[in-house]
Each structure stands twice: as structure tokens, then as C-alpha cells.
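S.K.: This is the structure I want to talk about, given as C-alpha cells.
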Amino acid sequence: MLENKLEKMEKTLLQATKDSSAKNTKDLLIVQNRLYAQLESLSWLQRRLSIQGQLPPLRGWATSPDFLLKLHTHVMASQPKVVVEFGSGSSTLVTADALRQNGFGQLFSIEHSSHYGKQTLDTLIAENLQPWVDLRVGELEAWNKHHLCPSDAEKPPFWYPERLLKAIEGIDLLLVDGPPGGTCEFARYPALPALFERLNPGAQVWMDDTVRQEEKDICQRWADDYGFNLEYYPLEKGLGILSRA
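Residue numbers (this note's numbering): 75 to 319.
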């Protein structure tokens, strides 16, 4: 009887080892495929860009290569005259490059961090892209209008200073990649309420990081409240695009 128990235990352990090995192999393939997709996107993006230097690091909190490739392709194809982004960085450089290749257009880049704003500005100057970008920097301020953030939340809602949005009209593309999610719950919600009246009829709104539920909830609320069609794209960090029919 003891031998039977030992044999049964051995078979169980062997099967568990096989199952674990199969799962590890599957997980490794998923990671490998995701990494390949980003390297492939980066390769195609570098072919499209006209910059002489290198892009900032595109890992961690930075925008992913697949998003940047889609953004550069869209800007060159749709040829927007006015682009607004919340959160500067690699997307600023990529958008400005596409505008320069188009030969017209203006990017208004809204940033809350003077540190990251300076990094972005230095890169733009080095690549002679500064004329295509109006970079505006200002610390976040209390947002006193409607917000998805609960009234009893630990962190009250904050947003970019209203003065940074002065004289921005006729927006064709709105990119939302800030402020940081840790600012408050649903931190990016004010983007559309703040600029909805300034969007052109055919404008699109792009929300990065829709692998996170908060960003999805914001997108759905925008779609419901402002009459947009909403489509998600399975990029590394997710992308939600709102547009009108």
C-alpha cells in the first residue's frame, strides 16, 4: 500500500512539473512576442522619423514604440493643423517630426513638470523642432468643475492651469497621456471637458494606457457624455480612440 501511495505521489509531482514547465514556456513566448512587437514598431518608427539623434528611453512609464508608430503614421496621413497633448516626452518629438514632414501644423504640449518640460525642450531644440511646438509648463492646480473623482477621495482632483490652454482653438487631434495616474482617481478625466468646445467636428481624442481600468472608464464616460464612437486598440499599454461618425 505504501508503494502505491509513493507511486501515485510521484506521478502527481511529475504531472505538476510538466504543467509548470508548459505554463512557463507559454509565458515566455508571450513576453517574447510582446518584445518583438515593440522592437518591430521601433524599427519602422525610426525609418519614418527625420530626426538626427535618438529617441528618449521608451520603457517604464514612457510611451511605447507601437503607440508612437501609430501616432506618427496618423499625423502624416490625417495632416492635422492643431494638435494638443497632455504630457510631454517622446510623443512630442514624434508628433513634431510628423508635422515638420507635412510642412504645416502646430503642437501645443501641456506639461506639469518643469524637469520633464526642460528635457523635452532641449530635445526639440537639438532637433530643430522647436518651431513646431508650443510647449507650456505649469504646476497642477485644483479642479473645481465636474469630475469622476469621488467627493470623499483621499486626493482631490487636480488639473493643468487654465492659463496654459489660452488661445488654443480648432483642435484636430487631442492626445491624453497625463497627468500621472497617481495624482488622483480618474486623473485624466478633465481633458475633454476642458477642451471639448475647441475641438473641430472631425477631431479625434487619443487616450494612452487603456490597459488600466481607470482610463477605460474615462473613455467610456467621454463617449457617453459627448457622443463619440469609442474603439480600443490592443497596443502594449492600450489605446482608446474617440471619434465622431
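A virtual CB, placed ideally from N, CA and C, is assigned to each residue, including glycine. These numbers come from a predicted model, not from an experiment.
So, at 8 Å on beta carbons, what are the nonlocal neighbours of K192 in its own chain, with the 5 sequence-adjacent residues on each side left out?
M.R.: Excluding residues within five positions, none has a Cβ falling inside 8 Å.
S.K.: From this set, P264, N107, A200 and Q180, which residue's C-alpha is nearest I242's C-alpha?
M.R.: Ranking P264, N107, A200 and Q180 by Cα distance to I242 puts Q180 first.
S.K.: Counting only runs that start and end within the stretch 237-308, where is the beta strand (DSSP E) found for 3 or more residues in a row?
M.R.: You should have 245-250, 273-282 and 303-307.
S.K.: Starting from A216, follow its DSSP beta bridges and name the residues at the other end.
M.R.: Answer by DSSP bridge pairing, in chain order: F232.
S.K.: Would the stretch 112-127 count as touching the stretch 137-146 if we require 3 or more Cβ pairs under 8 Å?
M.R.: Yes: the two stretches touch, three or more of their Cβ pairs being nearer than 8 Å.
S.K.: Is the separation between the beta-carbon of D282 and that of V156 shorter than 7 Å?
M.R.: Result no, Cβ atoms of D282 and V156 do not sit closer than 7 Å.
S.K.: Would you call the stretch 225-243 and the stretch 263-277 in contact, with 3 or more CB pairs under 8 Å?
M.R.: A contact exists between the stretch 225-243 and the stretch 263-277.
S.K.: Please say whether E185 and S152 have beta carbons closer to each other than 7 Å?
M.R.: Cβ atoms of S152 and E185: not closer than 7 Å.
S.K.: Give a yes or no on whether the C-beta atoms belonging to F160 and G252 are separated by under 7 Å.
M.R.: The answer is yes: Cβ separation under 7 Å.
S.K.: Can you tell me whether D171 is helix, strand or coil according to DSSP?
M.R.: Residue state, collapsed to three classes: helix.
S.K.: Is I125 near D171, with beta carbons less than 7 Å apart?
M.R.: Contact: yes.
S.K.: Would L304 and L313 qualify as a contact pair, given that the criterion is a beta-carbon distance under 7 Å?
M.R.: No; because the gap between Cβ atoms is not below 7 Å, this pair is not in contact.
S.K.: Can you check whether the CB of L238 is closer than 7 Å to the CB of V279?
M.R.: Contact flag unset, no.
S.K.: Return the chain-ordered list of same chain residues with a C-beta closer than 6 Å to the C-beta of C293, the five sequence neighbours on each side being excluded.
M.R.: Contacts found: M281, L304 and G314.
S.K.: Which runs of the beta strand (DSSP E) at least 3 residues long sit entirely within the stretch 104-179? Give them in chain order.
M.R.: List check, beta strand (DSSP E) in window: 156-160.
S.K.: In the DSSP assignment, find the unbroken beta strand (DSSP E) run with D196 in it and report its ends.
M.R.: No beta strand (DSSP E) contains D196, which is instead part of the alpha helix (DSSP H) from S188 to A200.
S.K.: Can you tell me whether A111 sits near the ligand MN, meaning its C-beta is under 6 Å from at least one heavy atom of the ligand?
M.R.: As for the ligand MN, it is missing from this structure, which has no ligand bound.
S.K.: Hey, L209 and R295 are a contact pair by Cβ (cut 8 Å); roughly how many whole angstroms apart?
M.R.: Incorrect: roughly 29 Å between the Cβ atoms, too far for contact.
S.K.: Would you tell me roughly how many angstroms separate the C-alpha atoms of D298 and T197, rounded to the nearest one?
M.R.: The straight-line gap from Cα to Cα measures roughly 38 Å.
S.K.: Roughly how many angstroms lie between the CA atoms of G276 and Q287, to the nearest whole one?
M.R.: The straight-line gap from Cα to Cα measures roughly 27 Å.
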